[in-house]
Each structure stands twice: as structure tokens, then as C-alpha cells.
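Residue numbers (this note's numbering): 4 to 100.
We put the beta carbon where it would ideally sit given N, CA and C, even for glycine.
Worksheet: one structure, shown below.
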């Protein structure tokens, strides 16, 4: 299955991301992206997308990861509700001492 997701690039403590289409069976750091769809630098502002290519990959069945989905909604490329990507909190278990 094809996924649209973020691939981290850049230096240590200076995150920057590529928005890429990858086969979900490959690891995120393999560098073997099918196509680069844009970039996102969280320190400098809004992401830059190739809008026509994003719509093409979504139309042929690629699914966006949670964070990529939320970025696409913020950029008004797709419509819908945002996805909560934060981990669910587990209650702390009390241990008997």
C-alpha cells in the first residue's frame, strides 16, 4: 500500500521534512521514495505541496499518515476532520510496596 508521509531531513536539532509517497513496507529512513510531493519546515511556516500530484496519488489509492493528513487539511487540499495523532495516555498503575 502506498502512503503519503513525512521523511525527516536536515541537521540535528533543526528539523525539516519532505512529504513523500512511499511503499508502506519500506522503512521511513530507507530513502526510497516513489515521489517527493513537497516539503515542510516547522520552524519557518507553512508546508509547500505539489497540489496536483498530491491529488493524483490520493485518487489512485494512496493513504496519508495522520500528520500528513492534518497538514493537507490545514493547507485546504483535502476536506474533513483532523486526526488525533497524539498517543493515548495510560493511567499509572499503583504498585504495592
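Exercise for the section: Rounded to whole angstroms, what's the CA-CA distance from residue 41 to residue 50? Just pull it up for me. Expected result: 7 Å
Problem - Inter-residue spacing [alpha-carbon to alpha-carbon] between residue 36 and residue 94 - result: 38 Å
Practice task
Ignore the nearest five residues each way along the sequence and tell me which others in residue 58's own chain have a CB closer than 8 Å to its CB.
Solution key: 80
Practice task
Evaluate residue 8 with the Cβ neighbour count: other Cβ atoms within 10 Å of its Cβ, from every protein chain shown; 16 or more gives buried, anything less gives exposed.
Solution key: buried
Exercise for the section: Please say whether residue 25 and residue 38 have beta carbons closer to each other than 7 Å? Expected result: no
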